[in-house]
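Visitor: There's a structure below that I have some questions on.
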Amino acid sequence: MREILNNQADTIAPSTDTGNTGIPHLKRLWYKLNDPTSAQNYNEAGLDAALLNVLGLGLLPTYDFFFHNQPSLQVFEQWVLSFYPGGLPEERIKECYALLEPGTDADKSDEPDVLSESDLLFWKEKGYVIVRNAIEQQDCLAARQAIWEYLHKVENDPSTWYDNGDQLQGIMVPLYRHAAIDKNRNAGRIKKAFEQVWNQTGLIFTTDKCGFNAPETAASKYKGIGLHWDVSLVTPIPFGTQGILYLTDTAANQGALTVVPGFHKKIESWLQSLPPNINPRQTDLSIFNPVPIAANAGDLIIWDHRLPHSSSPNRANFPRLVQYINWYSPQQKQQQEWI
Ligand SMILES: O=C(O)CCC(=O)C(=O)O
Numbered sequence: 255m256r257e258i259l260n261n262q263a264d265t266i267a268p269s270t271d272t273g274n275t276g277i278p279h280l281k282r283l284w285y286k287l288n289d290p291t292s293a294q295n296y297n298e299a300g301l302d303a304a305l306l307n308v309l310g311l312g313l314l315p316t317y318d319f320f321f322h323n324q325p326s327l328q329v330f331e332q333w334v335l336s337f338y339p340g341g342l343p344e345e346r347i348k349e350c351y352a353l354l355e356p357g358t359d360a361d362k363s364d365e366p367d368v369l370s371e372s373d374l375l376f377w378k379e380k381g382y383v384i385v386r387n388a389i390e391q392q393d394c395l396a397a398r399q400a401i402w403e404y405l406h407k408v409e410n411d412p413s414t415w416y417d418n419g420d421q422l423q424g425i426m427v428p429l430y431r432h433a434a435i436d437k438n439r440n441a442g443r444i445k446k447a448f449e450q451v452w453n454q455t456g457l458i459f460t461t462d463k464c465g466f467n468a469p470e471t472a473a474s475k476y477k478g479i480g481l482h483w484d485v486s487l488v489t490p491i492p493f494g495t496q497g498i499l500y501l502t503d504t505a506a507n508q509g510a511l512t513v514v515p516g517f518h519k520k521i522e523s524w525l526q527s528l529p530p531n532i533n534p535r536q537t538d539l540s541i542f543n544p545v546p547i548a549a550n551a552g553d554l555i556i557w558d559h560r561l562p563h564s565s566s567p568n569r570a571n572f573p574r575l576v577q578y579i580n581w582y583s584p585q586q587k588q589q590q591e592w593i
């Protein structure tokens, strides 16, 4: 078990102190959220994030709640438990404990393989793969409805698709928890596909946002960002994935996810070849032939996080609705420094 658990030198609660919830590490996290500066000394950002993901709280919503409310421990614990009106399942607590034991194979999918040999070869070569029919159409429909309702927009009324005082952040929809959205995150085929590309089990999912990218109009231009990475470019860049579940059929010109295929294989030599005064994030990545990926509602695209990627302007006539889903190994090391 991690040394931190019973380290007497710690002035904050050990991870084993389960407070009033029975959840390990939560009380310790509360201490650290109260003192973010000294929290850096513990070097546990990955574990903290994993705990929030396993509990289905998500990082941003938790930090948001914390910094707006400065909750006492009791209020924080109540807030966490409020996500479990029927009580916190024993299984969830076990998964939290598993995070403290590197190498524990939390629970693995019992699905048959989802990706074929040729899918896996494609993945290796291009750094992305389309998982066809990752979820059922009825689950797609339920998630779409959740997003339309959340944004107070109406599918067949384009006048509602644009700024109507909605909660959109660019093209991001801060809808993290909803029965339909949770169900997709947990879909067996999705978990299995991630296990196949990671070539390991014991993965956990992120509790991430949804997306809504409406067709451009003269008055409403694309609100996404350009090609980028969401990982530090300090080398060596540890393996990692990102994923997007299309909830609408998405043509290449309909705001599709765009990636630079194969870039995972050359990113490190490319970075080394840059003059020291050049910021890789400010270079023109469009010269590397990015490709928009068309796919159907219910298809999931997984990409290697070393690929430059972005959404794209929607030049079709119907919005692109998506859910961002990733599964990852909580034991995966991350570079501490961000460049
Ligand atoms: O929405 C997309 O197609 C891409 C999203 C993206 O850039 C990201 O998840 O970092």
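Just so you know, we're using the numbering used here here: the sequence shown kicks off at 255 and counts up by one. The C-beta atom is built at its ideal place from N, Cα and C for all residues, glycine as well. Predicted model only: the values in this text are computed from it and were never measured.
According to DSSP, Ser564 sits in a beta bridge with which residue or residues?
Guide: Within the DSSP secondary-structure output, Ser564 pairs in a beta bridge with Thr512.
Visitor: Can you tell me whether Leu306 is buried or exposed, with buried defined as 16 or more other CB within 10 angstroms of its CB?
Guide: buried
Visitor: Does Val408 pass the burial test, meaning 16 or more other C-beta atoms within 10 Å, or should it be called exposed?
Guide: exposed
Visitor: I need the DSSP call for Pro546, collapsed to helix, strand or coil.
Guide: strand
Visitor: Using a Cβ-based criterion (distance less than 6 Å to any ligand heavy atom), does Gln564 qualify as near ligand 1?
Guide: According to the sequence shown, residue 564 is Ser rather than Gln. The answer is yes for Ser564.
Visitor: Label Ile535 either buried or exposed according to how many other C-beta atoms from any shown protein chain fall within 10 Å of its C-beta, with 16 as the threshold for buried.
Guide: First, the residue type needs correcting, since residue 535 is Arg and not Ile in the sequence shown. With fewer than 16 Cβ atoms within 10 Å of its Cβ, Arg535 is classed as exposed.
Visitor: Apply the 10 Å Cβ neighbour rule to Ile444 and answer buried if 16 or more other Cβ atoms are within range, or exposed otherwise.
Guide: Residue burial is scored here from C-beta neighbours: Ile444 has at least 16 other C-beta atoms within 10 angstroms and is therefore classed as buried.
Visitor: Cβ of Gly442 versus every heavy atom of ligand 1: is any distance shorter than 6 Å?
Guide: Checking the Cβ of Gly442 against ligand 1 gives no.
Visitor: Just checking Gly424 against ligand 1 - is the residue's beta carbon closer than 6 Å to any of the ligand's heavy atoms?
Guide: no
Visitor: Go to Val385, then tell me how far its beta strand (DSSP E) extends in each direction, as first and last residue.
Guide: Counting along the chain, the beta strand (DSSP E) containing Val385 begins and ends at 382-385.
Visitor: On the criterion of 16 or more Cβ atoms from any shown chain inside 10 Å, does Asn568 qualify as buried, or is it exposed?
Guide: buried
Visitor: What first and last residue would you give for the beta strand (DSSP E) that runs through Leu554?
Guide: Boundaries of the beta strand (DSSP E) around Leu554: 554-558.
Visitor: For Lys281, which residues in the same chain have their Cβ closer than 6 Å to its Cβ, ignoring the five residues on either side in sequence?
Guide: Ala267, Asp271, Gly273
Visitor: Throw me the rounded Cβ distance for the Pro544 and Val514 pair, which I believe falls under 8 Å.
Guide: 5 Å
Visitor: I'd like to confirm the pairing. Which residues does DSSP put opposite Phe517 in its beta bridges?
Guide: Beta-bridge pairing links Phe517 to no other residue.
Visitor: Between the beta-carbon of Val576 and the beta-carbon of Ile498, is there less than 7 Å?
Guide: yes
Visitor: Considering just the uninterrupted stretch of the beta strand (DSSP E) at Phe466, what are its terminal residues?
Guide: 464-467
Visitor: Between Ile258 and the rest of its own chain, which residues show a CB-CB distance below 8 Å, the 5 nearest in sequence each way excluded?
Guide: Annotation note: pLDDT 44 at Ile258 (below 50); position unreliable, coordinate value reported separately. Excluding residues within five positions, the ones whose Cβ falls inside 8 Å are Asp264, Pro268, Ser269, Tyr296, Glu298.
Visitor: Quick one: what does DSSP say His432 is sitting in, helix, strand or coil?
Guide: coil
Visitor: What I want to know is whether the C-beta of Asn480 ends up closer than 6 Å to one or more non-hydrogen atoms of ligand 1.
Guide: For clarity, residue 480 is Gly in the given sequence; the question names Asn instead. Every heavy atom of ligand 1 is 6 Å or more from the Cβ of Gly480, so no.
Visitor: Along the chain, where does the beta strand (DSSP E) that runs through Leu309 open and close?
Guide: Note, Leu309: premise wrong, no beta strand (DSSP E); not H, not E.
Visitor: If we ignore side chains and look at the alpha-carbon of each, how far apart do Gln399 and Pro529 end up?
Guide: 49 Å
Visitor: Counting C-beta neighbours from all protein chains within 10 Å, is the total for Gln450 16 or more, i.e. buried, or is it exposed?
Guide: buried
Visitor: Touch check for the region 420-433 and the region 462-480: three-plus C-beta pairs under 8 Å?
Guide: yes
Visitor: Curious, which full-length alpha helix (DSSP H) runs of at least 4 residues does the region 413-459 contain?
Guide: 433-439, 442-452
Visitor: Tell me the rounded alpha-carbon separation between Arg560 and Leu374.
Guide: 17 Å
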